[in-house]
DNA sequence: ATAGGGTTAG
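Numbering (the UniProt record's numbering), first residue to last: 1 to 639.
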């Protein structure tokens, strides 16, 4: 073994000698001595160039043996110069005219990763068979020029050659890769005409095709028409629902799989389900999935554990996330990054930094996403100096160039801390093109600090990107109203009304005993509305005694609400919290999920509520968690 | 002696 590897760096010819020895030795019994000085030359001498005349028995056996040697030689070669030499030899012995041999050689060329040469060789084959086409199609489908696979497919069909189901599946995969629905649809039509609709694997590929183009309905249709569904088909269906935002249905499908018992959920299913729970913040269901994972014996699978860390973190359940993390035998960069991000999004920035240092001590190398977690930890806790230091460190020490997410965290960090112009300069001077999200982050910071001239500039950038959304105008509206710019407020309102721009209503939900209760601004739809509003009045009185002052200049989530003070007292998160206080035992932790950012006033309200009513409150909004306890927030009041 | 398919962690 060492002998062979020692020769790899020498001339190619040496490598051939060794490969030959290797392949011959695997074909001959150990009692037959192997030539000591066997080389390409001596090999060529023993290979007859002319096989027009019938050979005596003995000769043909040796020829057969030589061909066998060539087969194993070609099979074991992926090194291009090496293959070129073999090709020269094969051409001389006219072995390449044999379709089987040319196919074998073509596949070796394909695995040598030089597809251009493989293609050149292919074009020299006189009558390429469908097998030849299939081999090349397969190679192109996983290359960085997947479109070639489709061209080859078309070419072979024009020649009247028929692709088999496996080749169809490669062609579909290529269409996914070069993002052409049109080509994929054509191929699907062909698959129907060829009658390959009972092939479960091929249909699964088709589902994946539709799923990747967000045509959930088409993917479902393919699934429904499958005569035999296996677990992978279910998984593709589930991943399709997950990708297209139908997260609730993922949970339903998981239950369905379990109940039907035909296709038991496997580790991949569990992975998808934990992701769905993370997206929904569905802690109870997540715990159920976790139990199932343990039951099925997947408890030690690291990818599942990593996903569970993220799930528990995103449900605001950091202790459980940490339990899973502790249980991982060998933590990799993904485990660490998941834990760091989990700490970050729950407001434990200092701990996230400590975790990072611990990770470094154990010798795990951080990557891009580790730094995303780390920088978001800094931005959520207002650690400006630390954050800027990490931004420096990542490229200098680890050679990781900051991407848009890293810059996004830095803009958030600087912006929240009030360094608005500096944040603006970061966006302008960064090497990547600013996207709508990063502008929106800055807009959020302008809202916090009531900086309307910069806010207007940011809106211009968003308009330039054709990415301006109703929510952006609402932010600007709030900037105007918080700075008392009432003229601009009515001007903007008029503009929005004229353009018919609809805003997303703020919506908060609270899960109690497995039932999700949803509230919107000034909600009157809940059956217990009277009790809820009474409770809210009572809470307001109590909090006022403790020193809470409603911030009347703040947040208008709904454009149609004209009376600010009124709307403020009935923001959806307040309703959800009041409902929680109303129906749970004192001391119970309340978990509220909000679709937009929590406003300053509600944040303040929650802080007082946690102290006065002695409740732990966990509010998850669009960007992060806010843990309230004893009148404080985990993010150190930092906005 | 002939290539070879589908889902999947932060």
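The C-beta atom is built at its ideal place from N, Cα and C for all residues, glycine as well.
As a quick exercise: from the options, pick the residue whose alpha carbon is nearest that of residue i.
i, options, result
"residue 605", "407, 130, 573", "573"
"residue 626", "71, 381, 267, 492", "381"
"residue 332", "618, 144, 301", "301"
"residue 201", "186, 589, 170", "170"
"residue 599", "532, 448, 336", "448"
"residue 271", "284, 259, 242, 262", "242"
"residue 166", "186, 160, 206, 390", "206"
"residue 377", "268, 350, 401", "350"
"residue 461", "446, 475, 434", "434"
"residue 83", "68, 100, 129, 117", "117"
"residue 489", "524, 518, 452", "452"
"residue 160", "130, 147, 327", "130"
"residue 578", "134, 593, 531, 193", "531"
"residue 630", "619, 624, 620, 612", "612"
"residue 168", "180, 145, 309, 203", "203"
"residue 344", "323, 113, 310, 367", "310"
"residue 329", "305, 315, 318, 338", "305"
"residue 543", "603, 497, 494", "603"
"residue 429", "445, 446, 410, 212", "410"
"residue 484", "472, 190, 450", "450"
"residue 362", "336, 379, 341", "336"
"residue 113", "127, 78, 101, 89", "78"
"residue 158", "190, 412, 146", "190"
"residue 583", "536, 571, 214, 595", "536"
"residue 438", "408, 446, 445", "408"
"residue 316", "468, 347, 325", "347"
Do you know offhand how far residue i's Cα is from residue j's?
i, j, result
"residue 286", "residue 312", "8 Å"
"residue 45", "residue 124", "In this prediction, residue 45 has a pLDDT of 34, which is less than 50 and means its spatial position is unreliable; what the coordinates show is noted afterwards. Taking the straight line from one Cα to the other gives about 26 Å."
"residue 183", "residue 223", "20 Å"
"residue 418", "residue 520", "31 Å"
"residue 369", "residue 86", "45 Å"
"residue 371", "residue 615", "33 Å"
"residue 641", "residue 251", "Past the boundaries of the shown model lies residue 641; the chain is included only from 1 to 639, so the question cannot be answered."
"residue 34", "residue 66", "Its pLDDT being 28, under 50, residue 34 is placed unreliably in this model, and the value from its coordinates should be taken loosely. Approximately 14 Å between the Cα atoms of the pair."
"residue 632", "residue 456", "33 Å"
"residue 534", "residue 541", "11 Å"
"residue 281", "residue 597", "16 Å"
"residue 247", "residue 279", "7 Å"
"residue 81", "residue 108", "12 Å"
"residue 386", "residue 288", "39 Å"
"residue 511", "residue 591", "7 Å"
"residue 72", "residue 268", "37 Å"
"residue 634", "residue 617", "11 Å"
"residue 651", "residue 106", "Absent from the model: residue 651. The displayed extent of the chain is 1 to 639, so no value can be given."
"residue 64", "residue 195", "41 Å"
"residue 111", "residue 70", "17 Å"
"residue 245", "residue 214", "10 Å"
"residue 232", "residue 257", "12 Å"
What's the call for residue i, buried or exposed, on a 16-neighbour Cβ count within 10 Å?
i, result
"residue 234", "buried"
"residue 31", "In this prediction, residue 31 has a pLDDT of 26, which is less than 50 and means its spatial position is unreliable; what the coordinates show is noted afterwards. Exposed: under 16 other Cβ atoms inside 10 Å."
"residue 4", "Reliability of the predicted coordinates at residue 4 is poor, the pLDDT of 33 falling under 50, and no value is obtained from them."
"residue 588", "exposed"
"residue 527", "exposed"
"residue 474", "buried"
"residue 454", "buried"
"residue 148", "buried"
"residue 401", "exposed"
"residue 423", "buried"
"residue 208", "buried"
"residue 568", "Low confidence applies to residue 568: its pLDDT is 49, below 50, so where it sits in the model is not reliable, and the reading given next is rough at best. So residue 568 counts as buried."
"residue 465", "exposed"
"residue 416", "buried"
Is it true that the CB of residue j sits closer than 8 Å to the CB of residue i?
i, j, result
"residue 414", "residue 426", "yes"
"residue 470", "residue 441", "no"
"residue 219", "residue 237", "yes"
"residue 477", "residue 458", "no"
"residue 383", "residue 356", "no"
"residue 143", "residue 173", "no"
"residue 152", "residue 136", "yes"
"residue 508", "residue 623", "no"
"residue 538", "residue 601", "no"
"residue 406", "residue 391", "yes"
"residue 290", "residue 318", "no"
Is any non-hydrogen atom of the ligand MG found closer than 7 Å to the C-beta of residue i, if you look at the structure I gave you?
i, result
"residue 82", "With respect to the ligand MG, the structure shown offers nothing to examine, as it has no ligands at all."
So, does the stretch 540-553 touch the stretch 607-619, judging by three or more C-beta pairs under 8 Å? Yes, the stretch 540-553 touches the stretch 607-619.
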